[in-house]
Amino acid sequence: MAKLTLETITPLHIGGGNRYSGAEFVLKDNTLHRVSLDRLLRSLSADQIEALTDRLEGLMRVGFM
Numbered sequence: 000m001a002k003l004t005l006e007t008i009t010p011l012h013i014g015g016g017n018r019y020s021g022a023e024f025v026l027k028d029n030t031l032h033r034v035s036l037d038r039l040l041r042s043l044s045a046d047q048i049e050a051l052t053d054r055l056e057g058l059m060r061v062g063f064m
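The structure is reproduced here in C-alpha cells:
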C-alpha cells in the first residue's frame with residue numbers, strides 16, 4: 000500500500016455525509032457558518048417563521064438557492 004500525504008490549501012471539513020441546503024449557511028466576515036434550522040425555527044415566533052419562509056421562497060424564485 001502506498002503512503003500518501005495531502006496538504007490542504009483551503010479550510011477543510013470532513014463531514015458525515017449529510018446534505019445541507021444553501022439556506023443552512025451564512026457567510027459572515029469571510030467565514031462560512033452552518034445554521035441549525037431546527038434550533039433557529041424553535042426560537043422564532045409564528046410570524047417570524049412566516050417572514051423567513053417568504054424570504055427563502057423569494058431567494059429560490061430568483062435562483063439564489
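Residue numbering for the sequence shown follows numbering that gives the first Met the number 0, starting at 0 and increasing by one per position.
Even glycine gets a Cβ: it sits at the ideal position worked out from N, Cα and C.
Using the Cα positions of residue i and residue j, report the straight-line distance between them to the nearest angstrom.
i   : j   : result
V61 : L55 : 10 Å
R41 : E6  : 40 Å
D37 : L31 : 18 Å
M0  : R18 : 32 Å
Select from the options the residue whose C-alpha is nearest the C-alpha of residue i.
i   : options               : result
E23 : P10, L39 and L11      : L39
R33 : S42, S20, A45 and F63 : S20
V25 : D53, I48, S35 and G16 : S35
My guess is that residue i and residue j are in contact by the Cβ rule of under 8 Å, so how many angstroms apart are they, rounded?
i   : j   : result
L51 : L43 : 7 Å
For the beta strand (DSSP E) holding residue i, just list the boundary residues, first then last.
i   : result
T52 : Element bounds for T52: not the beta strand (DSSP E) but the alpha helix (DSSP H), A45 to R60.
H31 : Per the sequence shown, residue 31 should be read as Leu rather than His. Where L31 is concerned, the enclosing beta strand (DSSP E) stretches over T30 to R33.
Can you tell me where the alpha helix (DSSP H) holding residue i begins and where it ends?
i   : result
R18 : Careful: R18 lies outside any alpha helix (DSSP H) and carries neither H nor E.
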